[in-house]
Amino acid sequence: MHNDTERVLLTEQEIAARVRQLGEEISRDYAGKEPLVVGILKGAVIFMADLVRCLSIPVRMDFMAVSSYGASSQSSGVVRILKDLEHNIGGMDVLLVEDIVDTGLTLNYLRENLLTRGPASLKICTLLDKPGRRRVNVPVDYNGFIIPDEFVVGYGLDYNGRYRHLRDIMILKREVYTAKEDNENCPADDGS
Ligand SMILES: O=P(O)(O)OC[C@H]1O[C@H](OP(=O)(O)OP(=O)(O)O)[C@H](O)[C@@H]1O
Ligand code: HPA
Ligand SMILES: [Mg+2]
């Protein structure tokens, strides 16, 4: 276990088993179709890489990059598109793949944005759902795990760009982010 983490929430093995189940369910639902699987960078990249290899249907892949957390454990509330899709999704079956739905602001923004482009269908798959901090409701079609209101890292999830490579999903020690964020919220002591 990493020093900055409190405890393991989901082991590599638990994640792999659930990703396999999700893959089977998605393959059944999309039988006869060839959906465009859209991963949301960077958090979803590891989940998406595992998920598409558990599918028994053909898919195409594309990515969008958005950011709302920056270097914080709190959403800024403003979602920015850093990279858009390369596909024109008009008439396509689109499956959005996310690592986590927390406040719901990111997925809500993406869903509304993608719906204006006229896909044949749009479904959402998230590995983690943290309902305790939801600010806007988003319909999720496939959900891996419901998790408690803790800041988690690993398996693609980061804090300030770190910990994404960890194989398990772990709860980050509060002191790792509170010390830093408390400092940043303090008024500067030089009077400026
Ligand atoms: O439901 P929400 O409160 O909006 O939070 C979920 C989003 O926040 C994280 O992304 P982040 O903006 O940190 O970018 P990243 O994927 O590059 O880490 C995470 O990967 C989700 O995309
Ligand atoms: O718990 C989290 N961990 C990492 N990134 C996140 N983005 C929203 N919630 C989280
Ligand atoms: Mg992040």
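Note that the UniProt record's numbering gives residue 135 to position 135 of the sequence shown, counting from 1, and the numbers run on in steps of one. Note that CB positions come from ideal geometry on N, CA and C, so glycine has one too.
{"query": "Would residue 10 and residue 155 be called neighbours here (beta carbons separated by less than 9 Å)?", "result": "yes"}
{"query": "Under DSSP, the beta strand (DSSP E) around residue 143 begins and ends at which residues?", "result": "142-146"}
{"query": "Ordered along the chain, which non-local residues of its own chain (more than five positions away) have a Cβ less than 8 Å from that of residue 33?", "result": "57, 93"}
{"query": "Let me check you understand the geometry: is the CB of residue 162 closer than 8 Å to at least one non-hydrogen atom of ligand 1?", "result": "no"}
{"query": "Just tell me which of 141, 82, 84, 71 has its CA closest to the CA of residue 163.", "result": "71"}
{"query": "Could you tell me the distance, in whole angstroms, from the CA atom of residue 186 to the CA atom of residue 74?", "result": "The pLDDT assigned to residue 186 is 48, lower than 50, so where the model puts this residue is not dependable; a value taken from the coordinates is nonetheless given after this. Taking the straight line from one Cα to the other gives about 16 Å."}
{"query": "Mind checking who residue 151 pairs with in its DSSP beta bridge?", "result": "Paired residues: none, contrary to the question."}
{"query": "Have a look at residue 129 and residue 91 and give me their C-alpha separation to the nearest angstrom.", "result": "28 Å"}
{"query": "I need the straight-line Cα distance from residue 105 to residue 114, nearest angstrom please.", "result": "14 Å"}
{"query": "Would you list the one or two residues that DSSP bridges to residue 117?", "result": "Paired residues: none, contrary to the question."}
{"query": "Regarding residue 43 and ligand 5, is the C-beta to nearest heavy atom distance less than 8 Å?", "result": "In terms of ligand content, the structure shown lacks ligand 5 and carries ligand 1, ligand 2 and ligand 3 instead."}
{"query": "Inspect the beta-carbon positions of residue 125 and residue 166 and report whether they are closer than 9 Å.", "result": "no"}
{"query": "With a 10 Å radius around its C-beta and 16 neighbouring C-beta atoms as the bar for buried, classify residue 1 as buried or exposed.", "result": "exposed"}
{"query": "Comparing the C-beta of residue 10 with each C-beta of chain D, is any distance below 9 Å?", "result": "The structure shown has no chain D; it contains just one protein chain."}
{"query": "DSSP has residue 61 in a bridge; who is on the other side?", "result": "37"}
{"query": "Let me confirm a value: residue 44 is counted as buried when at least 16 other C-beta atoms fall within 10 Å, else exposed. Which label applies?", "result": "buried"}
{"query": "On the DSSP bridge list, what partners appear for residue 98?", "result": "126"}
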